[in-house]
Amino acid sequence: KAGVTQTPRYLIKTRGQQVTLSCSPISGHRSVSWYQQTPGQGLQFLFEYFSETQRNKGNFPGRFSGRQFSNSRSEMNVSTLELGDSALYLCASRKDSNNQPQHFGDGTRLSIL
Amino acid sequence: AQSVTQLDSQVPVFEEAPVELRCNYSSSVSVYLFWYVQYPNQGLQLLLKYLSGSTLVKGINGFEAEFNKSQTSFHLRKPSVHISDTAEYFCAVSDPFGNEKLTFGTGTRLTIIP
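First to last, the protein sequences are chains A and B. Just so you know, we're using the working numbering here: the first sequence kicks off at 5 and counts up by one. Just so you know, we're using the working numbering here: the second sequence kicks off at 807 and counts up by one.
What follows is the structure, encoded as structure tokens:
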């Protein structure tokens, strides 16, 4: 069974640009969550999507947005990139059941120059 | 609001020695508890989880953890570590009421000394 797939693995952008990251969940998983990991702030929750609807949101500015498609694949977009957006962005998926854990992809490492 | 405290940022241990990684949490409601491991340049892999029931939880790679409600702790243990256990370990909580958000601790870097 294929795991959570995130593309691309690495990305370099400059300040002011925008970026879109992609996440394909495990087959049958309908919930997709996104996290940002930085050395300073650790792992922080961005948002969660289920059935194409944002179900939960963390404390990030509106420059961070996402969406989910009918096949459960999800994309995350960051506009007007700042140096502080450099991070590992992790996607996690799970079955829609309260006692099911989240399964993580290997992440997209975003570097802002 | 929930929070997780991992008291040790780095833990060096000799190979084949036992190890305990500490995790304490704070929450006004009951919680689900998790331990994840992160190897270099990889995502997070689930080691074990506590949802309810037996307070001693066994996970993959020989790890286990014990939920202690009175001390609000969920410490991770392994009786004999191997070089391949070198990684960063994260404790996390979520609430059991459908909230997907995982709240993570700051992580503990486990270094195995040959």
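Quick reminder that beta carbons are idealized off the backbone N, C-alpha and C, glycines included. Nothing here was measured: the structure is a model prediction, and the numbers come from that model.
Quick test of your reading: residue i and residue j, contact by CB under 8 Å. State the CB separation rounded to the nearest angstrom.
| i | j | result |
| --- | --- | --- |
| Ser900 (chain B) | Val837 (chain B) | 7 Å |
| Ser35 (chain A) | Arg98 (chain A) | 5 Å |
| Ser809 (chain B) | Ser832 (chain B) | 5 Å |
| His881 (chain B) | Arg828 (chain B) | 5 Å |
| Leu50 (chain A) | Trp38 (chain A) | 4 Å |
| Gly66 (chain A) | Leu92 (chain A) | Their Cβ separation, rounded to whole angstroms, is 22 Å, which puts Gly66 (chain A) and Leu92 (chain A) out of contact at 8 Å. |
| Ser78 (chain A) | Cys27 (chain A) | 5 Å |
Please classify residue i as buried or exposed, where buried requires at least 16 other C-beta atoms within 10 Å of its C-beta.
| i | result |
| --- | --- |
| Pro29 (chain A) | buried |
| Lys855 (chain B) | buried |
| His888 (chain B) | exposed |
| Thr18 (chain A) | exposed |
| Ile919 (chain B) | exposed |
| Leu813 (chain B) | exposed |
| Lys907 (chain B) | buried |
| Ala823 (chain B) | exposed |
Span of the beta strand (DSSP E) holding residue i?
| i | result |
| --- | --- |
| Gly70 (chain A) | 68-72 |
| His881 (chain B) | 879-884 |
| Lys875 (chain B) | Unbroken run through Lys875 (chain B): none, as it is neither H nor E. |
| Gly46 (chain A) | 46-54 |
| Cys95 (chain A) | 91-98 |
| Thr57 (chain A) | 57-61 |
| Tyr845 (chain B) | It is not in any beta strand (DSSP E) - Tyr845 (chain B) carries neither H nor E in the DSSP assignment. |
| Lys19 (chain A) | Correcting the residue type first, residue 19 (chain A) is Arg in the shown sequence and not Lys. Careful: Arg19 (chain A) lies outside any beta strand (DSSP E) and carries neither H nor E. |
| Arg113 (chain A) | 112-116 |
| Lys855 (chain B) | 850-856 |
| Pro830 (chain B) | The question names Pro, but residue 830 (chain B) in the sequence shown is Asn. Start and end: 830-832. |
State the beta-bridge partners of residue i as determined by DSSP.
| i | result |
| --- | --- |
| Asn81 (chain A) | A:Thr24, A:Ser69 |
| Arg915 (chain B) | B:Gln816, B:Glu894 |
| His107 (chain A) | A:Ser97 |
| Thr11 (chain A) | A:Ser26 |
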